[in-house]
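Enquirer: Numbering (my numbering), first residue to last: 44 to 259. Here it is, the structure, as structure tokens.
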């Protein structure tokens, strides 16, 4: 089982650690760092670096992400449908609303320098990233996704629930799961509960992929 998990904005690859501890040891799980340098980066630059990173992994693989990572995972599944076995999107925004991006920029402007140093980031990098997301829109190309998919959202993550529901409406066979008592950072707040959902979904997705192989 090859699984690639992408962290969110303000997180690192280590943010998946507790979730991974609750997943089967035999799974080969890859968690690339999306912010590799302190240089300011736009969304497109980060995405292109991620595409290059994916060349290291045996394809097709299962792909998942949270928040910013979910956006990248969704775009990758649209652009490279044959390389993705299944898609797990946590707190995804297909077209980030302007008010949300402005709110994130406001929050980042208030955070101390120590916060950014802890996550190998800088304030200018995140502010530029937020601005570069304003024209992103994945809604029009969702039909390119060919694999089993699931949208996952925290029960208290009210901002992203609507976008998650829009995703499953666009893909008729997509699933939807809510993690109880969780907010936005499900992988940190409820890693065990998230792992249960991931295991159940990937078991179903793997079975569907096997059935698809048998069809002439």
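The C-beta atom is built at its ideal place from N, Cα and C for all residues, glycine as well. Being a predicted model, the structure only gives us computed values, none of them experimental.
1) Are there 16 or more other CB atoms within 10 angstroms of the CB of residue 235, so buried, or fewer, so exposed?
2) When you compare only the Cα positions, how much space is there between residue 62 and residue 248?
3) Taking the beta strand (DSSP E) that residue 47 falls in, what are its first and last residues?
4) Under three-state DSSP, which class holds residue 221?
5) If we ignore side chains and look at the alpha-carbon of each, how far apart do residue 68 and residue 87 end up?
6) Look at residue 198 and residue 221 and say whether their C-beta atoms are less than 8 angstroms apart.
7) Cα-Cα, which of 211, 204 and 209 is closest to residue 223?
8) Let me confirm a value: residue 233 is counted as buried when at least 16 other C-beta atoms fall within 10 Å, else exposed. Which label applies?
9) Taking the straight line between their C-alpha atoms, what separation do you get for residue 105 and residue 160?
10) Using DSSP with H/G/I as helix, E/B as strand and the rest coil, what is residue 170?
11) Tell me whether residue 101 is buried or exposed, calling it buried when 16 or more other Cβ atoms sit within 10 Å of its Cβ.
12) Of the residues 239, 122, 148 and 107, which one's Cα is nearest the Cα of residue 131?
Expert: For this structure:
1) exposed
2) 19 angstroms
3) 45 to 49
4) strand
5) 33 angstroms
6) yes
7) 204
8) buried
9) 31 angstroms
10) helix
11) exposed
12) 107
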